[in-house]
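Number of protein chains: 2
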Amino acid sequence: MPGALASENNLYRLPSKPRAYDAGGDGGRGLSHVALERLYYVPTLPNVLRSRHEVVEGASRECVGHQPVVCSLFPHLSNTHGGHAPLRMVNIVPAASQGEDATEKRPLRLGCVLSGGQAPGGHNVIIGLHDYLQRWHPGSTLLGFLNGPRGVMQNNYKLLTPEELDSYRNQGGFHMIGSGRDAIAKPDQLVAAEKTCLEHDLDGLVVIGGDDSNTNTAVMAEYFLKQGVKTTVVGVPKTIDGDLKNTDVPCSFGFDTACKVYSEAIGNIMIDSMSAKKYYHFIRLMGRAASHVTLECALQTHPQMALICEEVAAHRWGLKDVVRQVADMVAQRAELGKNFGVVLVPEGLVEFMHDVSALIAELNEMLAKGVNANDQCDVIAHLTQESADLFNGLTPSIRSELLEERDPHGNVQVSHIQTEKLLIKLVGQELARRKAQGTFRGKFSALSHFFGYEGRCSLPSNFDATYCNALGQAAGALVAAGQTGLMATVSNLAAPATKWTVGGTPLLSMMHLERRSGRDKPVIRKALVEIHGAAMTSYTSMRAIWAIQDWCRSPGPIQFHGHTADMASITLALEVNEGQPCLVNEPADDDK
Amino acid sequence: MPGALASENNLYRLPSKPRAYDAGGDGGRGLSHVALERLYYVPTLPNVLRSRHEVVEGASRECVGHQPVVCSLFPHLSNTHGGHAPLRMVNIVPAASQGEDATEKRPLRLGCVLSGGQAPGGHNVIIGLHDYLQRWHPGSTLLGFLNGPRGVMQNNYKLLTPEELDSYRNQGGFHMIGSGRDAIAKPDQLVAAEKTCLEHDLDGLVVIGGDDSNTNTAVMAEYFLKQGVKTTVVGVPKTIDGDLKNTDVPCSFGFDTACKVYSEAIGNIMIDSMSAKKYYHFIRLMGRAASHVTLECALQTHPQMALICEEVAAHRWGLKDVVRQVADMVAQRAELGKNFGVVLVPEGLVEFMHDVSALIAELNEMLAKGVNANDQCDVIAHLTQESADLFNGLTPSIRSELLEERDPHGNVQVSHIQTEKLLIKLVGQELARRKAQGTFRGKFSALSHFFGYEGRCSLPSNFDATYCNALGQAAGALVAAGQTGLMATVSNLAAPATKWTVGGTPLLSMMHLERRSGRDKPVIRKALVEIHGAAMTSYTSMRAIWAIQDWCRSPGPIQFHGHTADMASITLALEVNEGQPCLVNEPADDDK
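Chains as they are written, first to last, in the working numbering: chain A, 38 to 629; chain B, 38 to 629.
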């Protein structure tokens with residue numbers, strides 16, 4: 038490989054040899070060999086972005102709910118502007134005109150910001166944006182606001198140079214400019230952001246974030262329109278949770294890679310469980326609002342059981358129901374002489390079991406009223422009978438977690454509850470009861486795991502590296518065309534990346550009203566697992582067998598070369614390609 | 038690739054196309070795409086095993102300690118037998134004679150067994166053994182004893198067929214025949230094993246295990262010699278902990294892969310820590326007796342701190358010393374505005390801190406005497422003043438772990454102590470104290486992780502796949518030559534696998550006497566981290582810088598293709614190749 042790779046994206050030189058081990062000559066600073074090799078990976082660019090193109094109106098869209106109210110709250114965004122009808126997609130298509138317009142190549146001034154949790158591929162979005170500007174608007178300026186939206190409000194930024202960007206190509210993490218969880222939503226925050234955009238005379242600001250961040254993107258776009266600020270605002274769909282997804286957004290970036298990292302570990306543990314034959318492993322996975330990660334990992338690894346929050350909610354299962362189901366599976370396997378297996382648990386589970394969520398709501402109300410959390414008797418006295426019974430049935434450590442850990446709003450810190458340990462304890466108690474009754478004759482010994490941080494900053498898969506690059510380039514095209522209030526979208530993912538389509542979708546079309554903090558708020562609707570959707574149906578058709586048989590599937594580590602490297606997630610394959618793998622590139626002849 | 042690969046090792050056919058997603062046609066049973074691809078990987082065989090070879094005497098060896106006593110306890114093994122002098126290595130070398138001996142090709146009857154914890158590559162040892170028999174002793178029989186040494190004693194086995202073995206080539210896990218932790222050491226156990234070997238008329242038994250398992254291998258070899266049983270017994274060095282290592286055994290198999298799996302996750306978390314800039318991550322890693330895993334992972338990832346048990350013991354550091362060192366690092370980084378980082382903690386740490394190990398010893402003695410563990414006041418009354426002070430300073434949950442969890446011998450279950458959480462609590466307390474004094478002005482928020490089971494059943498790296506195949510073939514050659522009481526060895530690992538040397542080393546030469554359960558016992562000496570060795574020196578030369586700078590290194594997922602795929606661990610590179618990468622194969626032209 039090395040030297041200077043000749044390619045359309047490659048505008049840089051890199052050392053021509055992999056460095057020696059860090060124990061060797063480079064002072065321990067070095068990129069790893071694999072990370073270094075990834076610098077040279079050239080994501081395939083959709084054909085439409087390779088030659089002259091233009092932005093044209095596409096299909097019209099409606100809000101996913103409460104359209105009149107949502108539109109009334111965003112009057113400028115929902116009214117005609119820039120020649121486009123309200124809630125209309127835009128498509129990026131080959132340029133119709135032959136001659137080049139003199140204004141086409143004008144240099145632009147752009148900013149970008151990372152918002153919220155890390156997701157593999159974030160750097161490639163920024164690099165795609167940069168490469169787009171370099172190619173189509175030479176002389177442009179790209180600012181990276183530091184440590185999230187607060188960087189925009191505080192005008193804390195750095196100028197992104199080609200040299201610096203080159204050292205982050207296809208790398209994981211958000212550390213080039215950092216991220217943060219602040220919001221730009223309140224009037225003073227919007228004013229601060231406006232001041233920064235004016236000071237830098239920005240043509241556009243690209244916000245890379247999840248559903249809440251992109252709700253705020255719409256708010257900022259609306260505000261800038263109202264103020265007559267020229268800066269347009271475009272969002273990019275990021276979240277490993279996979280819950281920013283809709284008609285026009287086939288998936289959020291990072292989901293593919295993160296699920297592959299978790300599935301590698303889960304697959305290894307499943308094989309370990311089959312080899313040692315003595316433990317159940319309860320594995321908690323990220324995904325507080327939606328269980329896409331757990332579902333994808335289940336499809337990848339074939340665990341004995343995967344709990345899916347949306348199903349728990351749909352059936353109004355309570356904690357006892359869930360415990361009984363897990364215990365039933367363990368008992369059934371024990372009859373076959375198998376006292377081992379793997380159970381996947383989404384971190385949001387506690388909130389989806391109706392009895393536990395009722396208990397948490399009661400606790401939150403009580404704590405807000407000033408009941409002393411250290412006095413468990415007093416706490417119990419304030420609970421309804423049903424919640425008090427549930428609370429008393431919990432283990433002491435879980436009771437402490439419920440009462441001691443609070444989020445910044447004083448609420449129970451749900452994400453800190455070790456649900457997998459709670460289940461282990463309660464399933465153990467249930468099985469002990471059955472053993473005493475003579476209805477369980479097996480053994481139950483369990484270990485717990487939590488996978489989350491491991492997957493957020495991995496080197497992006499070929500899919501995420503390519504998808505993010507295309508998203509960044511699309512965002513560049515939208516901003517260059519003066520578009521605002523859109524999310525950059527890349528579609529037709531069943532085809533190789535050369536044939537991917539790109540465009541933008543109105544953020545408003547993803548919104549509806551939700552009750553938050555006692556009032557209706559327009560927000561982007563989270564995509565939950567559809568319990569009759571393709572992915573869930575695929576899982577439910579197999580799970581009774583996977584519970585009993587040991588058809589463990591070990592996906593192995595993410596590969597960057599070879600014919601397995603270009604496959605996207607199973608969820609995507611099921612949702613957009615009838616279960617056939619979505620491949621980033623056409624297989625090479627020797628891969629066929 | 039697929040179809041039937043023509044190769045020296047390949048005697049099988051596999052489906053010619055990767056299967057569709059399991060959501061598709063194969064009923065959810067399928068191997069993953071990467072796992073399937075790995076079936077076709079052909080490990081390079083050392084040249085010496087490719088053509089006719091013979092076993093000849095090599096260098097003489099001495100026990101690592103107490104040779105006279107060790108030899109007196111193994112009179113048959115240490116006396117001349119089979120024409121070889123006592124404690125003499127054997128080498129496998131090209132055959133001197135031209136003509137083929139008629140007896141050379143006689144079919145053999147062999148058994149094999151997996152002993153102890155899983156390690157990536159175990160299947161390849163068995164497959165190497167099988168391939169050796171197929172090639173040089175056609176018509177041989179290979180039995181796999183099930184679920185560890187107990188399978189030998191209970192005569193529980195399965196006949197290993199080429200078809201079954203082919204489906205485990207280069208796969209992780211021990212699930213083909215299972216493993217177990219039973220020992221064959223006591224008289225009745227040896228008699229049971231003898232009965233099984235006689236019943237099957239075994240020429241040899243290959244035991245794949247760690248230091249304790251291989252100590253027992255020597256005991257069995259001695260017993261069979263004494264009894265005149267023809268079955269020879271040969272060991273293979275397995276353990277992800279890396280502590281089965283000596284002059285003739287450059288490394289145990291599985292260490293390379295497991296460390297790479299952990300380093301992938303650690304590297305991702307380091308990048309996450311640098312991106313979010315708000316957490317310290319305390320990561321506990323496997324390695325109760327030795328810290329090789331932690332050290333290798335530190336060299337791979339450059340954490341802000343890695344605690345090494347052997348260093349803690351050498352300096353007689355106590356818990357307070359360790360807590361102070363971690364707190365000092367956190368405080369130093371806080372001065373630079375950095376309130377994030379990663380600390381690696383070997384699981385054995387508690388036993389290496391002199392004060393904690395004294396406390397545990399006192400608790401064990403007390404519990405053995407029947408002191409009620411539920412009465413903490415009574416427990417404290419029975420401790421020395423120093424231990425009582427230490428015990429009182431621990432968090433309630435750690436106190437409970439110390440008292441409640443017992444191993445089968447009634448001792449404190451050290452491996453269940455969540456040392457990383459203990460350190461987080463105590464470092465937090467220490468920093469709160471400093472903050473009150475005005476000597477710490479930063480923030481300290483920490484998360485904990487434990488990586489262990491994730492790495493034991495991974496698909497083996499190219500190194501482990503190749504090393505294990507060579508070990509298995511070497512074991513086959515030794516048994517075929519009537520050798521017993523040896524460990525199969527593969528050396529010259531600084532060279533490509535074609536030039537690796539193979540042979541056997543007397544198990545006795547690895548032994549010395551250790552005090553166990555109140556009496557001297559001959560056991561294989563564990564290899565601890567040498568605090569002035571190449572790996573530790575490499576780490577200590579960098580750690581002050583890594584503590585301050587953020588030179589995080591993200592090794593990324595294990596690759597099976599490309600020029601990074603063939604590199605073995607950094608520890609091996611430092612120990613046998615002056616820090617230059619050990620490559621399994623010569624780089625291909627396009628990799629240079």
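Note that CB positions come from ideal geometry on N, CA and C, so glycine has one too.
Going by CA-CA distance only, name the one from the options that's closest to residue i.
i, options, result
"B:D365", "B:S69, B:L468 and B:N128", "B:L468"
"B:L515", "B:G291, B:G153, B:W173 and B:V71", "B:W173"
"B:A258", "B:L242, B:V451 and B:D248", "B:L242"
"B:R87", "B:W537, B:Y576, B:M548 and B:H419", "B:W537"
"B:L386", "B:H212, B:L460, B:F292 and B:R553", "B:L460"
"A:K142", "A:I435, A:K232, A:P175 and A:S495", "A:P175"
"B:V393", "B:E236, B:L439, B:F182 and B:S289", "B:L439"
"A:G265", "A:E91, A:A605, A:T521 and A:V451", "A:T521"
"A:V286", "A:A525, A:I568, A:L565 and A:E567", "A:A525"
"B:R89", "B:H103, B:A517, B:V560 and B:L396", "B:A517"
"A:F481", "A:R470, A:Y490 and A:L262", "A:R470"
"A:A72", "A:N614, A:N622, A:Q596 and A:Q617", "A:Q596"
"B:E231", "B:V85, B:V408, B:T535 and B:T269", "B:T269"
Label residue i either buried or exposed according to how many other C-beta atoms from any shown protein chain fall within 10 Å of its C-beta, with 16 as the threshold for buried.
i, result
"A:H486", "buried"
"A:A531", "buried"
"B:L196", "exposed"
"B:L611", "buried"
"A:T577", "exposed"
"B:A405", "exposed"
"A:N305", "buried"
"B:L180", "buried"
"A:E74", "buried"
"A:N184", "buried"
Below 8 Å on the Cβ atoms is my guess for residue i versus residue j; work out the distance and round it to an integer in Å.
i, j, result
"A:S300", "A:P592", "5 Å"
"A:G291", "A:H329", "Actually they do not touch by this definition, with Cβ atoms about 12 Å apart."
"B:A584", "B:Q422", "Their Cβ separation, rounded to whole angstroms, is 34 Å, which puts B:A584 and B:Q422 out of contact at 8 Å."
"B:G188", "B:V228", "The pair is not a contact, with the Cβ atoms about 16 Å apart (cut-off 8 Å)."
"B:T254", "B:V244", "5 Å"
"A:A512", "A:V273", "6 Å"
"B:T338", "B:R590", "5 Å"
request  = Identify each residue in the region 593 to 606 of chain A for which the Cβ-Cβ distance to at least one residue of chain B is less than 9 Å, and report them in chain order.
outcome  = G593, P594, I595, Q596, F597, H598, G599, H600, T601, A602 and M604
message = For the region 495 to 510 of chain A, list every residue whose C-beta sits within 7 Å of some C-beta in chain B, in sequence order.
response = Taking 7 Å as the upper bound on Cβ-Cβ separation, chain B lies near residues S495 and L496 of the region 495 to 510 of chain A.
request  = Taking only beta carbons into account, state which residues of the region 562 to 596 of chain A come closer than 7 Å to chain B, listed in chain order.
outcome  = Taking 7 Å as the cut-off between beta carbons, the residues of the region 562 to 596 of chain A near chain B are S575, M579, I582, W583, W588, R590, S591, P592, G593, P594, I595 and Q596, in sequence order.
query = Going along the chain, which residues of the region 210 to 230 of chain A sit with their C-beta nearer than 7 Å to a C-beta in chain B?
reply = Under the 7 Å Cβ criterion, the region 210 to 230 of chain A contributes G210, F211, H212, G215 and S216.
ask   = With contact counted as at least three CB pairs below 8 Å, one residue from each stretch, are the region 88 to 98 of chain B and the region 540 to 547 of chain B in contact?
value = The region 88 to 98 of chain B, when compared against the region 540 to 547 of chain B, does touch it at the 8 Å Cβ threshold.
request  = Check whether the region 101 to 111 of chain B touches the region 71 to 83 of chain B, taking contact to mean three or more Cβ pairs, one atom from each stretch, closer than 8 Å.
outcome  = no
ask   = Pairing CB atoms from the region 338 to 347 of chain B with CB atoms from the region 563 to 582 of chain B, are three or more of them under 8 Å?
value = yes
request  = Please list the residues of the region 284 to 312 of chain A that have a C-beta atom closer than 9 Å to any C-beta atom in chain B, keeping them in chain order.
outcome  = K297, V298, S300, E301, A302, I303, G304, N305, I306, M307, I308, D309, S310, M311 and S312
request  = Mind checking the region 149 to 167 of chain A against chain B and listing, in chain order, the residues whose C-beta falls within less than 7 Å of any C-beta there?
outcome  = Q155
query = Listed from N- to C-terminal order along the chain, which residues in the region 246 to 265 of chain B have their beta-carbon within a distance smaller than 8 Å of any beta-carbon of chain A?
reply = None of the residues of the region 246 to 265 of chain B has a beta carbon lying less than 8 Å from any beta carbon of chain A.
query = Counting Cβ pairs, one atom from each stretch, are 3 or more of them under 8 Å apart for the region 374 to 383 of chain B and the region 406 to 418 of chain B?
reply = no
query = Any chance the region 471 to 488 of chain A sits against the region 308 to 322 of chain A, with 3 or more Cβ pairs inside 8 Å?
reply = yes
request  = Taking only beta carbons into account, state which residues of the region 318 to 333 of chain A come closer than 9 Å to chain B, listed in chain order.
outcome  = Taking a C-beta cut-off of 9 Å against chain B, the contacting residues of the region 318 to 333 of chain A are H318, listed in chain order.
request  = Pull out every residue of the region 373 to 395 of chain B whose Cβ sits closer than 8 Å to any Cβ of chain A, in chain order.
outcome  = Listed in chain order, the positions of the region 373 to 395 of chain B with a beta carbon within less than 8 Å of a beta carbon of chain A would be empty, since no residue qualifies.
ask   = In chain order, what residues of the region 462 to 487 of chain A put their CB closer than 9 Å to some CB of chain B?
value = L484, H486 and F487
query = When the Cβ atoms of the region 323 to 340 of chain B are set against those of the region 192 to 211 of chain B, are three or more pairs found closer than 8 Å?
reply = Touching, no, given that fewer than three Cβ pairs across the two stretches are closer than 8 Å.
task = Would you be able to state if there are at least three C-beta pairs under 8 Å between the region 602 to 617 of chain A and the region 333 to 342 of chain A?
result = In the pairwise beta carbon analysis, the region 333 to 342 of chain A is classified as touching the region 602 to 617 of chain A: at least three pairs are separated by under 8 Å.
task = Please list the residues of the region 66 to 88 of chain A that have a C-beta atom closer than 8 Å to any C-beta atom in chain B, keeping them in chain order.
result = R66, G67, L68, S69, H70, V71, A72, E74 and R75
ask   = Using a beta-carbon distance cut-off of less than 7 Å, what residues from the region 346 to 376 of chain B approach chain A?
value = none
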